[in-house]
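2 protein chains.
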Amino acid sequence: MEEELLGIFSNYFEQPLIDEIVQEGKIIEVPAGETIMDIGQYIRSMPLLLSGAIKVLREDDEGDELLLYYLEQGETCSVTMACCMGHTKSEIRAITETDAKIVMVPVQKMEEWMAKYKGWRNYVFDSYQNRLNELLQTVDSIAFKNLDQRLMDYLKKKVEVTKDNRIRSTHQEIAYDLHTSRVVVSRLLKKLEKMKKLVLHRNYIHVIDL
Amino acid sequence: MEEELLGIFSNYFEQPLIDEIVQEGKIIEVPAGETIMDIGQYIRSMPLLLSGAIKVLREDDEGDELLLYYLEQGETCSVTMACCMGHTKSEIRAITETDAKIVMVPVQKMEEWMAKYKGWRNYVFDSYQNRLNELLQTVDSIAFKNLDQRLMDYLKKKVEVTKDNRIRSTHQEIAYDLHTSRVVVSRLLKKLEKMKKLVLHRNYIHVIDL
DNA sequence: AACCCTCAGTAACAAAGGGCACAGACTTAC
DNA sequence: GTAAGTCTGTGCCCTTTGTTACTGAGGGTT
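First to last, the protein sequences are chains A and B. Residues in the first sequence are numbered consecutively from 1, following the UniProt record's numbering. Residues in the second sequence are numbered consecutively from 1, following the UniProt record's numbering.
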């Protein structure tokens, strides 16, 4: 664990902090598709993502979903952090997009480290900044772009995150993430196929070039 | 200035911090409608809002706008803070919604205080949390609600923020904030008037009950 | 083979929202 | 007063997106 942390976080964390994380943190390995955090849940420890990807989504009262953003290696969920610090319930759901390796750090340590380690403070701040910016991107995308563009962005991001140009999702799953309907997704995908940007198959999509 | 700070922030800030803010901060009074921060601008000091309200909005490349949220007494703009800390350009525009009194704090002090004062750290964190939650609300609203509802929410919020049930805006201005067109706003407002929720006038709207 | 289930394609229609055009009311400048 | 400019109301039509309903293809089970 230590060398992994060093590899990923060494530009942020000083050695004593790394040692503390090794000592206090608990490593977990989660297969793809698991819900690791849900709406309304209280949070007692904070995840640092060592490998894999996590998708973070929002849900309204009627169960409609919307993908907010992905977390990747070295990142952490600021929304979660905010919940920890504020001791409030989670506002979002987090699901592993790929198999993932995560260090869980107890909340109390977080506060302690904020005072103690400059590196930790910087990391936490940068995380907030990144999350805010991602959220702004999300806002842009739903406010200013039409579905065609949003779908393309979604597919691009998916390929990037999974490092696989075969997207193993059904049209229905994509529709959930974009908060639209299956029929609409099928329609637009067909259009993209005609434009030779991808090839459709049952249960997966082969992305050529977006 | 000191007693104002005490009144608003005393539950967060310890006395020595108040003293430092009084010493380092610069108070400015800004009339309604002024742009106090713009997209692409570098930021050297951070605003703490003593009184009044500030609206924060996003703009895309084509100049389309969207209201993100309002800042009210005692709040600060986390997006700005993130820019400060990351030394990047502003991603948003901030405009005074009413006359406002603001303390501007130099960025360098911020970092110093983060290490030095627990109260400052808590304040900064809570601000982040509040902003993130507001942004999530904004996402919900554009993703899950239709324009009727968004317009009503907008008017409600406006009354709350300006403490005035006469909304002194043209339909065009409302349309900008909601990122839609004037015609659509006029249409929906008329509908609300027919439902006796408000009375329309030239240049202002008298809100009855939403 | 017959059956079942999930997934994808498609047509037809509905609804929400946006764009254009124009009219009328009010405001300000002259 | 007239003229010019701004703001609002409304009718009509178009585009985008959502809904319903049905079809058939693929794959697994018995």
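Idealized CB from N, CA, C, for every residue including glycine.
| message | Against chain A, does phenylalanine 13(B) count as a neighbour if the rule is that its beta carbon must be under 8 Å from one of theirs? | response | no
| message | Report the CB separation of aspartate 177(B) from leucine 67(B) in whole angstroms; it is logged as a contact under 8 Å. | response | 4 Å
| query | Any idea if glutamate 2(A) is buried or exposed, counting beta-carbon neighbours within 10 angstroms, 16 or more meaning buried? | reply | exposed
| request: Tell me isoleucine 205(B)'s beta-bridge partners as DSSP assigns them. | output: Ile167(B), Leu200(B)
| field | Bridge-paired residues (DSSP) for serine 51(B) | value | Lys101(B)
| said: I believe glycine 52(A) touches phenylalanine 9(A) by the beta-carbon criterion, under 8 Å. Please report the beta-carbon distance rounded to the nearest angstrom. | reply: With a Cβ gap of about 16 Å, glycine 52(A) and phenylalanine 9(A) do not count as contacting.
| query | Taking DSSP as the reference, what is the three-state secondary structure of proline 31(B)? | reply | coil
| Hey, would you say leucine 188(B) sits closer than 8 Å to aspartate 148(B), going by beta carbons? | yes
| Going by the CB atoms, is the gap between valine 161(A) and histidine 171(A) shorter than 8 Å? | no
| said: I want to see whether chain B comes within less than 8 Å of threonine 138(A), judged by CB atoms only; does it? | reply: yes
| Is the CB of histidine 171(B) under 8 Å away from at least one CB in chain A? | no
| Members of the segment 129-161 of chain B near chain A, C-beta cut-off 9 Å | Gln129, Asn130, Arg131, Leu132, Asn133, Leu135, Leu136, Thr138, Val139, Asp140, Ile142, Ala143, Phe144, Lys145
| Between the segment 19-26 of chain A and the segment 96-112 of chain A, do at least 3 Cβ pairs fall closer than 8 Å? | yes
| Which partner residues of methionine 46(A) appear in the DSSP bridge assignment? | Val105(A)
| request: Specify the secondary structure class of glutamate 59(B) as computed by DSSP and reduced to three states. | output: strand
| field | Selection from Arg131(A), Gly86(A), Val107(A) that minimises the alpha carbon distance to tyrosine 123(B) | value | Gly86(A)
| Boundaries (first-last residue) of the beta strand (DSSP E) holding isoleucine 95(B) | 93-96
| Endpoints, beta strand (DSSP E) assigned at leucine 67(B) | 65-71
| query | Using a C-beta to C-beta distance shorter than 7 Å, which residues of chain B count as neighbours of valine 79(A)? | reply | Leu132
| Neighbour list for glycine 52(B) in chain A, Cβ cutoff strictly below 7 Å | Within chain A, no residue comes near glycine 52(B); the closest Cβ sits about 23 Å away, beyond 7 Å.
| Can you name the residues of chain A whose CB is closer than 7 Å to the CB of histidine 179(B)? | Ala143
| query | When DSSP labels each residue in this structure, what does isoleucine 142(B) get in the three-state scheme? | reply | helix
| Looking at isoleucine 102(A) and arginine 58(A), is the spacing between their C-beta atoms short of 8 Å? | no
| task | Name the two residues that bound the continuous alpha helix (DSSP H) containing aspartate 19(A). | result | 15-24
| message | Cβ closer than 7 Å: which chain A residues qualify as neighbours of glutamate 91(B)? | response | Asn133, Leu136
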